[in-house]
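Note that this note's numbering numbers the sequence shown so that position 118 is 121, with each residue one more than the last. The structure appears below as structure tokens.
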Amino acid sequence: MIPTNDEILALLDRLDQTTADTLEGHHLDFKPWSDARASMKIAVEYAVCFANADGGVIVFGVTDDVRGRPAAIHGAKRYDLDVWRRGLFDSTRPNLGVVVEELLVPEGTGKLLVVRVPKGESPPYSTAEGLYKKRVGKNCMPLDPAAVSRARIATGAVDWSGESAAGVAIEDRRAVGS
Numbered sequence: 004m005i006p007t008n009d010e011i012l013a014l015l016d017r018l019d020q021t022t023a024d025t026l027e028g029h030h031l032d033f034k035p036w037s038d039a040r041a042s043m044k045i046a047v048e049y050a051v052c053f054a055n056a057d058g059g060v061i062v063f064g065v066t067d068d069v070r071g072r073p074a075a076i077h078g079a080k081r082y083d084l085d086v087w088r089r090g091l092f093d094s095t096r097p098n099l100g101v102v103v104e105e106l107l108v109p110e111g112t113g114k115l116l117v118v119r120v121p122k123g124e125s126p127p128y129s130t131a132e133g134l135y136k137k138r139v140g141k142n143c144m145p146l147d148p149a150a151v152s153r154a155r156i157a158t159g160a161v162d163w164s165g166e167s168a169a170g171v172a173i174e175d176r177r178a179v180g181s
């Protein structure tokens, strides 16, 4: 299940005993915040990754390999929620509608940026640059071209009716029923 904001806050309370990396899973990934542009690039890749699996949430502003809540949570800054929503939509194929919201915390900048990605209805999804990934456990793994083709065929994304058949000339074709 994709964790709610309350569940994410409860997980963050465990950072004094463990690292964020150990709290990640099939539906959750923590990412440090560098700047809006670099973090957006990461968000796009993770959005297609989660959409090609069962959906998930990316939480920006948390270092995943540091123990201790005050040290691990640095927060996110200098971003516009609407720009992020539009950027994620425009940078995915087919376009993904995601939920982008802030989660308030007392540490760092006081805000985490949360990107909620639903399970995709029309997989496979890719970045605008053609990168296909899928969530496997707690990792985003690249999809090989054969897997992408199989997924496109399985979902009806490929229209074979418009394709030419090998060895069949145009004059050999006739309308159905004639």
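Beta carbons: idealized from backbone N, C-alpha and C, even for Gly. Bear in mind the structure is a predicted one, so any value in this text is a computation, not a measurement.
Residues bridged to residue i [DSSP beta-bridge criterion]
i: Thr95; result: Thr130
i: Arg119; result: Val60 and Val102
i: Pro145; result: Lys136
Exposed unless 16 or more other CB atoms sit within 10 angstroms - verdict on residue i
i: Ser37; result: exposed
i: Ala71; result: According to the sequence shown, residue 71 is Gly rather than Ala. Per the 10 Å Cβ criterion, exposed.
i: Asp32; result: buried
i: Glu132; result: exposed
i: Gly28; result: exposed
i: Arg119; result: buried
i: Arg40; result: exposed
i: Leu107; result: exposed
i: Val62; result: buried
i: Leu84; result: exposed
i: Thr95; result: buried
i: Gly100; result: exposed
i: Gly170; result: exposed
i: Gly140; result: exposed
i: Asn55; result: buried
Candidates the options, of which the one nearest residue i by Cα
i: Pro73; options: Leu18, Ile156, Asn98 and Phe33; result: Leu18
i: Pro35; options: Leu116, Ala169 and Val120; result: Leu116
i: Gly78; options: Val118, Pro109, Thr25 and Cys52; result: Pro109
i: Leu91; options: Arg138, Val103 and Val139; result: Val103
i: Tyr146; options: Gly58, Gly64 and Glu48; result: The sequence as given places Leu at residue 146; Tyr does not occur at that position. Checking every option, the nearest Cα to that of Leu146 belongs to Glu48.
i: Lys136; options: Cys52, Ala149, Arg119 and Val62; result: Cys52
i: Lys114; options: Leu15, Lys122, Ser125 and Pro97; result: Leu15
i: Gly123; options: Trp87, Ala50, Lys44 and Val139; result: Ala50
i: Thr22; options: Ala157, Ser129, Ile76 and Arg138; result: Ile76
i: Ser125; options: Gly58, Lys80 and Cys143; result: Gly58
i: Thr130; options: Asn98, Cys143 and Arg138; result: Asn98
i: Glu105; options: Arg81, Pro121 and Pro127; result: Arg81
i: Met43; options: Arg88, Asp9, Thr25 and Lys141; result: Arg88
i: Val69; options: Met4, Asp24 and Asn8; result: Asp24
Residue i (DSSP reduced to helix, strand or coil)
i: Pro6; result: coil
i: Leu1; result: The structure shown does not extend to residue 1, since the chain spans only 4 to 181, so no value can be given for it.
Residue i Cβ short of 7 Å to the ligand HEM heavy atom set
i: Tyr82; result: Inclusion of the ligand HEM in the displayed structure is not the case, the ligand content being empty and no account of it being possible.
Item to check | Length at least 4, wholly inside the segment 16-85: the alpha helix (DSSP H) runs in chain order | outcome: 23-26, 39-54 and 72-75
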